[in-house]
Amino acid sequence: MEKPIDPTSTAAWSKLVELFSNFDADFAGWFSADPKRVETFTYTAGSLHVDLSKSYLTPEVRDALLQLAEETQVFDRRDAMYAGEHINVTEDRAVLHTALRRPADDELTVDGQDVVGDVHEVKNRMYDFARRVRSGEWRGVTGKPIRTVINIGIGGSDLGPVMAYEALKPYVKDGLECRYISNIDPTDVGEKLRGVDPETALFIVASKTFTTLETLTNARQARAWLLQQLAARGVEDATAVAKHFVAVSTNLEKVAEFGIEPENAFGFWDWVGGRYSVDSAVGLSLAIAIGPDNFDDFLHGFHLIDQHFASADPAENVPLLMGLLNIWYVNFFGAKTHAVLPYSQYLHRFPAYLQQLTMESNGKRVRWDGTPVTTATGEVFWGEPGTNGQHAFYQLIHQGTQLIPADFIAFANPTYALRDGEADQHELFLGNFFAQTKALAFGKTADEVRAEGTPEEIVSARVFPGNKPTASIMAPALTPSVLGQLIALYEHITFTQGAVWGIDSFDQWGVELGKQMAKDLGPAIAGDEAALAEQDPSTKALITYYRKHRQ
Ligand code: F6P
């Protein structure tokens, strides 16, 4: 693996430093000076319409950012990823989530493995299983069809499937419901099993490693619950677990140890990162819920954006430009966070999903050769659907002191075309989407506030400074394909940022220490005085408080 190139050492970076020193964001001025600004900075990727005209792009900035991508070898790294080179250096793995959505007639052999062939083999088994569950051919131990699919997983084995299930609710088969258990907090498994009929429940234990404490603990609880509930109904059948439990994992040995039959296990591979795995067998709950045809559309959406990222001209390449823009915001304007604001209630878990994708990928302090990063990395991604967020935190984006670049996402067509009297409710909704980026860009001056008759002493409180950068992403409707496109867009934005920073966006060592410590603290929490005495003063005091108050 090549040594990472220090982005700050490039000629493009020097150019950006210079551009930044003279940079004066002025949307009103930019739009009036350049009648073609919207056209210049509006792009198409798949069915996504992406307007970056209200971002901090100017032609000079765009060109310098593209030069930065060239000089930091983003394109070589992208090609290496698609080809299956081991770009995940600290784990010595290929990074091939893009292979999960390649058509069956593509060819890709990596490390001697027929990657595309294997992907389709598992996918076909998944689809066959999904069809059997949906048609009622697959039955529980008492002969009833499945009504509730309960996915047990955490992180990438939960966030993607639950987000996509919520987003694609209109595509879910009537009479089927999915639930998602992730937290080791016993309330999660307790609450999610409430009201479930054990005879019509199907559990999917999803874990890439099949060693994750939360998932295995919850899976054991679910298995005990199932057997106990069935026994209470007089059903004691040795095949119950086989009829009600399936697994998704790269570790099929551990799956078998848990007691799940190999024919009920769906594999994937170490070259699929957890946070990039919703389009692998990890999406099984979704494939059952929306059906194989819709799941195929979902995968096709990813593939469209993969192709765009691989081959679109850099100056028209949307994930590349958005990733580079984020570099501009983080490393020059000092942006510490980035809001993602979907104007779609269906996407209410999308920001949470993106948090793992972006922050587990780019929250790194050393580069892939182990040397320290040379710039800030990994901004905080966050958000909530509009319009709810407007009534909560938009105040800070409009008038606070921090620069918060924000992506606004909306769809031309609603699922529910409701009217409120004369008004089309979707238009009331989209009015807010259009208004927010307009208000953020153009603001409201003191003179405009005064002209409304505002008393002088509160004029400044009512001024909107404007010139806040946003991206507007629109599509005709939220379909499975469009959802796949949106996810792939953010995957490649994340990739671009990581590549410029020279970091390994595909490992996640930062989650290990806490996991280990949680295990090691077990004896002290359970009352071992010697183990408690070894703890630091704060941990000791907290555990002591817990022990005193636990009944
Ligand atoms: O702890 C972080 C993590 O390793 C994530 O990267 C992963 O998505 C999650 O845990 C769950 O891991 P697994 O799918 O192996 O249970």
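Residue numbers (my numbering): 458 to 1008.
Every residue gets a Cβ at the ideal spot worked out from N, C-alpha and C, and that includes glycine.
Tell me whether residue i counts as near ligand 1, meaning its Cβ is closer than 7 Å to at least one heavy atom of that ligand.
i: T669; result: yes
i: E905; result: no
i: R550; result: no
i: G610; result: yes
i: V968; result: yes
i: T666; result: yes
i: R677; result: no
i: G820; result: no
i: Q965; result: yes
i: D672; result: This sequence places Thr at residue 672; Asp is not what is there. Yes.
i: R806; result: no
i: R732; result: yes
i: S614; result: yes
i: E817; result: yes
Could you work out which residue in the options is closest to residue i when comparing CA atoms only?
i: E517; options: V495, S504, E475; result: E475
i: S639; options: G652, T669, V629, P627; result: T669
i: Y500; options: I762, L616, A540; result: I762
i: Q524; options: W487, V692, R690, L777; result: L777
i: T1053; options: V629, D881, E459; result: Within the shown structure, residues of the chain are numbered from 458 to 1008, placing residue 1053 beyond reach of any answer.
i: K925; options: A898, E594, D571, R907; result: A898
i: E929; options: A468, E459, L509; result: A quick correction: the sequence has Ser, not Glu, at residue 929. Nearest of A468, E459, L509 to S929, Cα basis: L509.
i: M931; options: E496, F480, V507; result: V507
i: G843; options: M538, K665, P829, F868; result: F868
i: G846; options: R919, A809, A537, L798; result: L798
i: K895; options: F921, L756, R806; result: F921
i: F1038; options: V692, V662, G691; result: In this structure the chain extends from 458 to 1008, so residue 1038 is not present and cannot be described.
i: I609; options: R680, I960, V552; result: R680
i: Q852; options: K601, S742, G923, F480; result: G923
i: L782; options: D563, L804, G955; result: G955
i: H883; options: S801, R806, P994; result: S801
i: A502; options: A767, P560, L885, A874; result: A767
i: Q856; options: A918, A796, E671; result: A918
i: V787; options: F838, G748, F759, F807; result: F838
i: G617; options: L885, T832, Q813; result: Q813
i: K665; options: I784, S734, V830; result: S734
i: A540; options: K601, W728, F667; result: W728
i: K1005; options: E991, V598, G984; result: G984
i: G730; options: Y584, G612, A769, D568; result: G612
i: W487; options: L514, L473, W470, S471; result: L514
i: F755; options: I717, K901, L625; result: L625
i: T467; options: D977, V590, G959, V576; result: G959
i: F891; options: R907, A880, D864; result: D864
i: I641; options: K972, A990, A744, T996; result: K972
i: D615; options: A809, I866, P871; result: A809
From the DSSP output, read off the bridge partner residues of residue i.
i: L659; result: V606
i: D584; result: Looking at the sequence shown, residue 584 is not Asp but Tyr. The partner list for Y584 (beta bridge, DSSP) is empty, contrary to what the question assumes.
i: M620; result: BP columns for M620 are empty, so no partner.
i: R876; result: D881
i: N637; result: A small fix is needed here, since residue 637 is Tyr in this sequence, not Asn. N608, per the DSSP bridge assignment.
i: T794; result: V837
i: K901; result: F921
i: K567; result: In the sequence as presented, Lys is not what sits at residue 567; that position holds Val. Note: V567 sits in a beta bridge opposite Q570.
i: T927; result: A863
i: A932; result: F868
i: R596; result: P602
i: P829; result: V823
Residue i and residue j look like a contact to me (Cβ under 8 Å); what is the Cβ gap, rounded to whole Å?
i: P655; j: L687; result: 6 Å
i: D736; j: R558; result: 6 Å
i: S605; j: E634; result: It is worth fixing the name first, because residue 605 is Thr in this sequence and not Ser. So it is a contact: roughly 5 Å between Cβ atoms.
i: L659; j: I603; result: 5 Å
i: A722; j: L709; result: 5 Å
i: V712; j: F752; result: At roughly 22 Å, the Cβ-Cβ gap does not stay under 8 Å, so V712 and F752 are not in contact.
i: V692; j: V598; result: 6 Å
Would you say residue i faces chain B, with C-beta separation under 8 Å as the test?
i: V837; result: Absence of chain B from the displayed structure is noted, only one protein chain being present.
Checklist entry - What alpha helix (DSSP H) runs, 4 residues minimum, are completely inside the region 466-518? => result Correct list: 468-478, 484-490, 494-497.
Item to check | Uninterrupted alpha helix (DSSP H) stretches inside the region 944-980 (no shorter than 4 residues) | outcome: Listed in chain order, the complete alpha helix (DSSP H) runs (minimum 4 residues) inside the region 944-980 are 969-977.
Checklist entry - Where in the region 677-748 do unbroken runs of the alpha helix (DSSP H), each at least 4 residues long, occur, reported from the N-terminal end onward? => result Taking only runs of at least 4 residues, the alpha helix (DSSP H) segments lying wholly in the region 677-748 are 697-701, 709-715, 741-747.
Item to check | Ordered list of alpha helix (DSSP H) runs contained in the region 742-827, each at least 4 residues | outcome: Within the region 742-827, the complete alpha helix (DSSP H) runs of at least 4 residues fall at 749-768, 775-788, 807-812.
Checklist entry - Counting only runs that start and end within the region 528-562, where is the alpha helix (DSSP H) found for 4 or more residues in a row? => result Segments of the alpha helix (DSSP H) lying fully in the region 528-562: 531-540.
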